[in-house]
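Following this note's numbering, the numbering of the sequence shown begins with 442 at its first residue and continues without gaps. We treat Cβ as the ideally placed atom computed from N, Cα and C, and that holds for glycine. Here the structure is a predicted model, which means the values were calculated and not measured. First up is the structure itself, then whatever we jot down about it.
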Amino acid sequence: MNWFGRGQSQPVVADSANPLIPAKRGTVFRRGDKPYTGILMPQVKQLKIERVPGGAIVRATGVAQFQQPYDVKLISTSKNQPVDRTLTFELRAEVPGKNLRQGSEWTRTVTVATFLTDNELEGVRTIRVVGSQNTMSARR
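This is the structure we're talking about:
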């Protein structure tokens, strides 16, 4: 005996929307996408390429000019397409607009990583990360 009664089959209405992804709706808390306004980090301290299944992880450590950098990104200068067999990334970060403090180097150090697939790495011999004061590169 079933508490809700007997189950009945009904046809499924075909819908192009994925039921697991909520529909976007307007709200006062959601704003439109803003363009990324991160500035070039002054110094790239370390660059490490780690082989993983399906590609590689590019990890860069940099030192900001002021404390509290956030939203740190590796931005490809050529849309992940190699130029002369080299992929070039800029190390960029957002900085707070107020109360900028210099602090020690340790407090200004940030690390960011990005994943590159084997397809994106095909034909690439050098990966370079650019800061405003220096550039680091790794070859394979």
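Under the rule that a run must span 4 or more residues, the alpha helix (DSSP H) segments found entirely inside the segment 508-552 read 546-549. When the alpha-carbon of proline 510 is set against those of Tyr477, Thr550, Leu557, the nearest one is in Thr550. Contact between the segment 526-543 and the segment 560-580 is established, with three or more Cβ pairs separated by less than 8 Å. Membership of glutamate 491 in any alpha helix (DSSP H) is not indicated; the residue belongs instead to the beta strand (DSSP E) covering 484-493.
Counting the other CB atoms within 10 Å of its CB gives threonine 502 a total of 16 or more, which places it among the buried residues. At the C-beta level, glycine 544 and phenylalanine 507 come within 9 Å of one another.
The beta carbon of leucine 541 lies closer than 6 Å to those of Phe507 in the same chain, with the five residues before and after it left out.
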